[in-house]
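A.B. asks:
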Amino acid sequence: MKTLLLTHPLPAQVFAEAVHAIEPHLPLLEYQPGIGDAALAEVEAVLGWRFPEGVARRLPRLRWVCAVGAGVDKLLVPELPAQVQVSRIVDVEQADGIAQFVALMALRHARSLPVYEAQQRLRQWTRQPIGALRCHVGVLGMGTMGSAVARLLQAVGFQVSGYCRHSGQSLQAVLGGSDILVCALPLTAQTEGLLDARAFAAMPRGSYLINIARGAHVVEADLIDAVRSGHLAGAALDVQRHEPLPADDPLWDVPGISITPHIAAQSSPQTIAQQFVQGWRCLQRGEALHNLVDRERGY
Ligand code: OXD
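Each residue of the sequence shown is one higher than the last, beginning at 254 in the working numbering.
Now the structure itself:
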């Protein structure tokens, strides 16, 4: 069962080595722009991050797509035939890493670190009143990532409310009660652009957004307006709609917005290879795959 590596921008070689360390003879094909149809005709599986334009429809024997990440939005392209199964990596260590990153940014904001960093640049030794230590955090999306985030935030003393889209909870109520809002949702047609001017207006004045999900959850122009107007205190965006974020993007220059390049946490190539090879062996034996994505729901 030949597997096409579509891991760009992560280097395919690293994944090939990790897979071959477990299953040395597993046939892998590295995607190159200009690759011929004859080579693609053999492919039955994909291990990847995103489909380059038009590639999904050139894989007539494709049976399985295994995402190298937790999110599969860049692989669920419309031309992917309905019978192709899609799975993703479920990695507790990655979820813990995401939770650490969120706790770091939440504490940084709640304990006014940017204020003291600015004071230090001015050699100013001034004690500011300490904000509420038990400030309220809303976590949108309570899957593997959101649940790990909620657990850690609770452990460091935040009051946490989780929000699941299908729970019947009111999103407006969660937004309205969140001094800090964490986005850990999957990106689907229903959640794209969910965090827009209306959502920001519903959040309390001085509140803060942390996005570790996908940039497209946020209407970035609306966020910039909400922060520049002072309604939101700021945001930590580990993900952006356009990655890599172009050098002239206005998000770079907004005081209060912190940009990181999608580094909150990544699964190691070894973990990804282990889960991929496990799935590959399941298919060889005619067994069911683990961690399948519901293609209708998008996660
Ligand atoms: C992701 C990942 O899906 O890095 O963003 O796993």
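Each residue gets a CB set at the ideal place from its N, CA and C atoms; glycine is no exception.
#1: Compare the Cα-Cα distances from residue 394 to each of 505, 535, 337 and 465 and report the closest residue.
#2: Just to confirm, are residue 443 and residue 467 a CB contact at a threshold of 8 Å?
#3: The ligand OXD and residue 400: does any heavy atom of the ligand fall closer than 7 Å to the residue's C-beta?
#4: Starting from the C-beta of residue 368, find all residues in its chain whose C-beta is less than 7 Å away, skip the five residues before and the five after it, and write them out in chain order.
#5: Would you mind sorting residue 420 into buried or exposed? The rule is 16 or more other CB atoms within 10 Å of its CB.
#6: Which whole-angstrom value is the C-beta distance of residue 339 and residue 308, which I expect to be below 8 Å?
#7: Whose CB is closer than 5 Å to a heavy atom of the ligand OXD? List the residues in chain order.
#8: How many angstroms separate the CA atom of residue 432 from the CA atom of residue 366?
#9: Let's test the definition: count the other Cβ atoms within 10 Å of the Cβ of residue 379 and tell me whether it reaches 16, buried, or not, exposed.
#10: Which residue marks the beginning of the alpha helix (DSSP H) containing residue 535, and which one marks its end?
#11: Can you list, in chain order, the residues of its chain with a C-beta nearer than 6 Å to that of residue 459? Leave out the 5 residues immediately preceding and following it.
#12: Return the first residue and the last residue of the beta strand (DSSP E) that residue 283 is part of.
#13: Do you know whose CA, among 391, 544 and 526, lies nearest residue 258's CA?
#14: Kindly list the residues whose CB is nearer than 8 Å to the CB of residue 310, restricted to its own chain and excluding five residues on each side of it in sequence; keep chain order.
#15: Rounded to whole angstroms, what is the Cα-Cα separation between residue 516 and residue 489?
#16: So the candidates are 299, 294 and 256; which of them puts its Cα closest to the Cα of residue 279?
C.D. replies: Result, derived from the coordinates:
#1: For the purposes of this step, residue 394 is taken as residue 141 along the sequence shown, with counting starting at 1. Closest by alpha carbon: 465.
#2: Within the sequence shown, the letter at position 190 stands for residue 443. Within the sequence shown, the letter at position 214 stands for residue 467. Contact flag unset, no.
#3: Mapped onto the sequence shown, residue 400 falls at position 147. Not under cutoff, so the answer is no.
#4: Working through the sequence shown from its first residue, we reach residue 368 at position 115. Excluding residues within five positions, the ones whose Cβ falls inside 7 Å are 381.
#5: Start at 1 with the first residue of the sequence shown, and residue 420 comes out as number 167. Exposed.
#6: On the sequence shown, residue 339 is found 86 positions in, with the first residue counted as 1. On the sequence shown, residue 308 is found 55 positions in, with the first residue counted as 1. That belief does not hold up - the Cβ atoms of residue 339 and residue 308 are roughly 15 Å apart, past 8 Å.
#7: 322, 323 and 324
#8: As a first step, residue 432 must be located in the sequence shown, where it is residue number 179. As a first step, residue 366 must be located in the sequence shown, where it is residue number 113. Taking the straight line from one Cα to the other gives about 16 Å.
#9: For the purposes of this step, residue 379 is taken as residue 126 along the sequence shown, with counting starting at 1. Classification for residue 379: exposed.
#10: In the sequence shown, counting from the first residue as 1, residue 535 sits at position 282. Per DSSP, residue 535 belongs to the alpha helix (DSSP H) from 522-537.
#11: For the purposes of this step, residue 459 is identified with residue 206 of the sequence shown, where counting begins at 1. Cβ neighbours of residue 459 beyond the five flanking positions: 486.
#12: Translated into positions along the sequence shown, residue 283 becomes position 30. Segment 281-283, the beta strand (DSSP E) holding residue 283.
#13: By 1-based counting over the sequence shown, the position of residue 258 is 5. For the residues 391, 544 and 526, the minimum Cα distance to residue 258 belongs to 526.
#14: Residue mapping note: residue 310 aligns to position 57 of the sequence shown, counting from 1. So the qualifying residues of the chain are 332.
#15: Position 263 of the sequence shown holds residue 516. Position 236 of the sequence shown holds residue 489. Answer to the nearest angstrom: the Cα atoms are 12 Å apart.
#16: On the sequence shown, position 26 is the one that residue 279 refers to. Considering only alpha carbons, the answer is 256.
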